[in-house]
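**Student:**
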Amino acid sequence: MTNEYFAAADDTAAARVLGAGLGVVLGPLDDGFVLGGPVRGPHPVVELTTLEALLRGLPDEAAIALIDRPDCGRVVAGDPGEQAVLAVADGTVAALLDADDGALERAAGPWSQAEEFWGQAEPEVLLAVATALRELCRRADSTARVYCLTTL
């Protein structure tokens with residue numbers, strides 16, 4: 001499975017990547033996209049909400065509840081069993097926007113031990129991913145939304 005994060009002006013613009021691929025449609029914001037993507041990363045529902053929970057200092061049971069939010073993993077286009085564009089939850093984006101470098105560094109170690117990574121993730125790699133995702137969120141802030149193209 002690959003997960004590629006990008007920012008687009010709205011759901012309609014984001015849906016255009018389905019089938020075409022991100023390399024084909026990413027362009028300036030006036031085309032509906034924000035430059036700077038894609039960022040390859042973890043799955044936007046379970047794995048990314050685990051990072052959000054760590055950044056917010058939430059206990060495990062509260063972290064699980066994040067997945068049940070209506071906007072968490074909302075399908076914009078496609079079939080999640082094959083290829084789909086998912087919206088990244090607003091709370092996840094906000095947590096990344098609020099995180100400074102120290103917060104991302106402190107979260108990387110525990111995040112690497114998350115069950116979803118089977119203890120195989122390297123904190124340094126996850127820190128780089130989290131930093132890149134935060135930068136994407138910053139570029140999208142107030143002008144666009146953050147999405148993920150998931151492909152099985």
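The working numbering puts the first residue of the sequence shown at 1, with every later residue one more than the last. No residue lacks a Cβ here, since even glycine has one placed at the ideal position from N, Cα and C.
How is the beta strand (DSSP E) around E4 delimited, first residue to last?
**Tutor:** 2-8
**Student:** For V93, tell me which candidate among E135, G119, A9 has the shortest Cα-Cα distance.
**Tutor:** E135
**Student:** Please state whether DSSP places C137 in a helix, a strand or coil.
**Tutor:** helix
**Student:** Report the three-state DSSP secondary structure of G78 (helix, strand or coil).
**Tutor:** strand
**Student:** Using 9 Å as the threshold, is the C-beta distance between D71 and A87 below it?
**Tutor:** The answer is yes: Cβ separation under 9 Å.
**Student:** Using only alpha-carbon positions, find the residue among L133, E82, L127, V75 that is nearest to T2.
**Tutor:** E82
**Student:** May I ask which residues mark the beginning and end of the beta strand (DSSP E) holding V85?
**Tutor:** 83-87
**Student:** If distances are taken between C-alpha atoms only, which option among S142, L54, F6, A128 comes closest to P110?
**Tutor:** L54
**Student:** Given this structure, state the Cα-to-Cα distance separating A108 from R16, to the nearest angstrom.
**Tutor:** Answer to the nearest angstrom: the Cα atoms are 32 Å apart.
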